[in-house]
Amino acid sequence: MRLWLKVRRAWICVPTVLLTALAIDLSKYLYLSIPNLFGGDMLKLPMPLILGIAICIVLGWGLGSGNPSLESVASRPIQELDMAYTLAITLLNLTLCILLHLISNADIVLAAGRNVLGYIGLMLLGRSLLGSNAATILPTGFVILVGMLGQNQYGRIHRWAWPLAGSEYKLSWVLAIALLIIGAACNLFQIKILGTNTWNNNN
Amino acid sequence: MPLRTILRISPAAWLFPAVVVIAIAISNTIIAPPEPYPPALTGAGEFSIVLVAPICAALAAWEAGRLRRAHWWNLPHVRPSLYIALSAVIAPLCVGWTTIMISIAFRLLSRGVLIPDLRILLVAIVVILAQTLIGFTAGIWLPPVIAAPVVLIVLFSWMTLPPGLNAFWVRHLTGDLSGCCSVDTDLAPGAMEGTIFLALGFMLAALIILNPRRRIIILLTSLLPAIIGLALGASLVQGMGPDPLVPRNPKYLVCSNQWPKVCVWPEHKSRLLEVSEIARKAATAWQSMGISVPNTFSEHYSLKRGENSFGFSLEANRIIIANSLAYSMLPPTPNCPENRPWIGGDRQEYLNAWLDEVAGLTADQISNEFPSDVLQTVARVRRMSIPEQRTWYKRNFQMAQKCGSLPHLEVDK
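Chains as they are written, first to last, in my numbering: chain P, 1 to 203; chain A, 1001 to 1413.
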C-alpha cells in the first residue's frame, strides 16, 4: 500500500490540496478579467474558481504514474483503490472548503470546493477520452472556455456554466457531482471512449 | 520537420482553425473607435493574445513532452539547444503568429486599413515567442500531464489577472495592448519597451533552464535575466495610468486656413471643411457677444494661450461638434486644495449650454446633453440684453475657476 501511495504521488497531492485550499481563501478578492464572447463588458472570473485545477493536475499525474500492465495482475484491487484515493482527495478538499466557508463566510470558497468535484470528474473523463497525458488539459481548457462563454452580454450566468455559478445554485452541484460520478465510472470500468488512449503517463 | 509530418502529428495544426475562430471572437469584444486609426485597430485585434499566447505555450509544452519521453534532451547533441527548441515549437509558433495576424487583419480590414501598427505587432510576436519558449522549457522539465495545463492556466492568469489589480503598471507588461488608443492618443513607448524587456528576460531565463545539466547554479543563473527583465520593464511602465497611452504627436494635425484655425487628426480630415464652418459660425456668434475667442481650435490637447482643445468622432453630428467646441471654451479645472474643493465645477454645464445656444443650437437640439433645469436657467439668461448676458457669463466664468466658490447662476431680475 505504501508503494502504491508513493506511485500515486500522495505525498505531493495531499500538500497540494492543503495549499490550494489556503490559496482559494487568500485569493477570494482577486479576479481575472475575461473577454465575454457574447459581447458586453469584460467578465470578472473570481480566481478561487479556477485554483482547483491544481489539485486535478496533481491527481491526474498520480493516477497515470503506475504501470497498468503490472497493476492488471496485482492481487489488490488497484482500480477500486485508485477511485477511493480520488474520492478521498476530493472529499478532503471539499471538507477544507466547507470549513473555510464557515470561518470566512465567503460563498466563493464553497463554490471553489464544488468546482474541484467537477474538474476531477472532467479529468477522469479526459483519461477515458484523450488518455492520461492529455487528461488534465480537458478541465483546464473547459474552465477557460466557460469563463468566456458562460455568461450572456449582461453578465447573467448560463445554467450549464456550473463553474461560474454561486454555491447556492443546486443545479451546479448536481452537474459537478454527475461529472465526478461519470468520470469515476469510466475509470473504474476502464472505458476507453476513443479507444486510442493509454491509462498511464509517458513521462 | 516536413509540413506533412507537422500536419499529421502536431496538435497545433489540428487546433489552428478553432484557435483562429476564438481569437477573432475575442478581438471583436473590444470596441475600437470608428476612425481608421491603425494603433487602435491593431490594439483591438491584438487583444486575442490573452488566450493565443498561453495556448501556444501549452502546445509547446506538449511538443517538448515528446523529447522528454524519448529522453532525447539529455543525450549529447550537435545542434544548439535553441535551434532544436525552435524546430520543435515551429508549429505552435506559426499558429500563434498567424492567428494574431489574422485577428489584427480582421479588425484593420473592417475599417479599410491595410497597414497595422508595427510596434504592437512586434510586441505580439515577441510575447508569443517568449511564452512558447517558456512552455517548451516547462515541457522539458515536467511531464506533459502537468506542464501543458499548468502553463496554460498560469500564463492565462498572467494575461488576465493584472487588469483587476489596483497597481496599473503590471497590466502594461503582459503584452495586452487593447487599451491603445483613441484617435488623440498613441501607444506609450514605455509599455512597448517594458513588455519586450520582460519577455526577453523570461525567454533568456527559459533558455538557460533548458541546459540538460540540472544544477542549482543553473536555476539561480536563470533568475538573473528574469529579474533584470522585470526590473527594466517595471521601471519603464512605472507611473502609467490604466491605459498604455501618451498624447499623439501634434505634427500629424491637419489644419484649415480660415479664421478660426481648426486643426484635426488626419483620420478626421474628410470633415475638416464642415468642422471649420461650424467653428467659424460659433466663433463669430461668441465674438458678437463680447467673448474672447481663441485663434485655434485643435484636436490636440494643448495648454497654449489662444488654442482651445476639442474632439469629435467620425460619427459625430453637427450638434455634437458645436457642443464640443463650446465645451472647449469653458475655464480649465483649477488645482484646488483639499480644504477648498472646486464646488463650482458641476455648474459649468450652465455656461456650456449658454455657449451652445449662442452658437446657434436650439434648446431642443441640446435637450439630451443637459438637464431641464439647466436649460430653463439658460433660457431666462438668453431673454436678457446682450450686455447683461455678457456680464452673467464673465462673472460665472471667473467664479468657476476659483476653489471653494459657487458660480452665481441665478438670473438677476
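Where is the CB? At the ideal position from N, CA and C, for every residue including glycine. As the structure is a computational prediction, the values presented were derived from the model and not from experiment.
- At a cut-off of 7 Å between beta carbons, P:Thr136 contacts chain A.
- Neighbours of P:Ile24 in chain A, taken as residues at a C-beta separation under 8 Å, are lacking, since the least C-beta distance is about 14 Å.
- A check of alpha carbon separations from P:Leu45 across P:Pro68, P:Arg9 and P:Tyr29 identifies P:Tyr29 as the nearest.
- Per DSSP, A:Lys1269 lies in no beta strand (DSSP E) and is assigned neither H nor E.
- With contacts defined by Cβ atoms closer than 7 Å, P:Ala112 and P:Ile24 form a contacting pair.
- Residue range Asp107 to Leu129 is occupied by the alpha helix (DSSP H) that includes P:Tyr119.
- For the segment 1084 to 1118 of chain A, there are no residues whose beta carbon sits under 7 Å from a beta carbon of chain P.
- Shown here for P:Ser167: same chain residues with a beta carbon closer than 7 Å to its own, the five before and five after excluded, namely Asp107, Leu110, Ala111 and Arg114 in chain order.
- In this structure A:Ala1400 is buried. Its beta-carbon is surrounded by 16 or more other beta-carbon atoms within 10 angstroms.
- Here P:Thr136 is near A:Pro1149, since their CB atoms are less than 7 Å apart.
- At a cut-off of 3 residues, the continuous stretches assigned as beta strand (DSSP E) that sit fully inside the segment 1231 to 1296 of chain A are 1245 to 1247 and 1261 to 1264.
- What A:Leu1059 touches in chain P, judged by beta-carbon distance under 8 Å, is nothing: the nearest beta carbon there is about 10 Å away.
- Under the criterion of beta carbons closer than 8 Å, P:Leu43 and P:Gln151 qualify as touching, at roughly 6 Å.
- With a minimum length of 3 residues, the unbroken runs of beta strand (DSSP E) contained wholly in the segment 1144 to 1217 of chain A fall at 1185 to 1187.
- Apart from the 5 residues on each side of it in sequence, A:Pro1334 sits with its Cβ closer than 8 Å to the Cβ of Trp1342, Gln1401, Lys1402 and Cys1403 in its chain, given in chain order.
- For A:Glu1307, the enclosing beta strand (DSSP E) begins and ends at Glu1307 to Ser1309.
- Nearest C-alpha to A:Thr1029 among A:Ala1199, A:Asn1257, A:Ser1178 and A:Trp1073: A:Ser1178.
- Per DSSP, A:Ile1321 is one residue of the alpha helix (DSSP H) stretching across Arg1318 to Ser1328.
- Judged by their CB atoms, A:Ala1058 and A:Val1183 are not nearer to each other than the 7 Å cut-off.
- Remark: C-beta atoms of A:Ile1102 and A:Val1052 do not approach each other more closely than 7 Å.
- Relative to P:Leu19, the option among P:Ile193, P:Cys97 and P:Phe189 whose CA is nearest is P:Cys97.
- Shown here for P:Leu51: same chain residues with a beta carbon closer than 7 Å to its own, the five before and five after excluded, namely Thr20, Ala23, Ile24, Ser27 and Ala112 in chain order.
- Distances from the CA of A:Leu1142 to each of P:Ile57, P:Lys6, P:Trp11 and P:Val14 were compared; the closest alpha carbon is that of P:Ile57.
- When the five nearest sequence neighbours on each side are left out, the beta carbons in the same chain lying within less than 7 Å of the beta carbon of P:Arg9 are those of Val58, Trp61, Gly62 and Ser65, in order along the chain.
- A:Thr1160 belongs to the set of residues whose beta carbon lies under 7 Å from a beta carbon in chain P.
- DSSP places P:Tyr31 in the uninterrupted beta strand (DSSP E) bounded by Tyr31 to Ile34.
- Listed along chain P is no residue with a C-beta nearer than 7 Å to that of A:Leu1177; the closest approach is about 14 Å.
- Contacts with chain P at 7 Å (Cβ-Cβ) include A:Phe1156.
- Segment contact: the segment 1274 to 1282 of chain A against the segment 1358 to 1378 of chain A, three or more CB-CB distances shorter than 8 Å; contact assigned.
- Against P:Ser132, the close residues of chain A are Val1145, in the order they occur along the chain (beta-carbon pairs closer than 7 Å).
- Between A:Pro1054 and A:Phe1136, the CB-CB gap reaches or exceeds 7 Å.
- Counting along the chain, no alpha helix (DSSP H) covers A:Leu1075, and no H or E run does either.
- Here DSSP, grouped into helix, strand and coil, assigns A:Gln1365 to coil.
- About 6 Å separates the beta carbons of A:Trp1354 and A:Tyr1393, which is inside the 8 Å limit, making them a contact pair.
- Straight-line spacing of the CA atoms in A:Trp1259 and A:Glu1277 works out to 10 Å.
- Here A:Ala1040 is buried: its Cβ has 16 or more other Cβ atoms, across all protein chains shown, within 10 Å.
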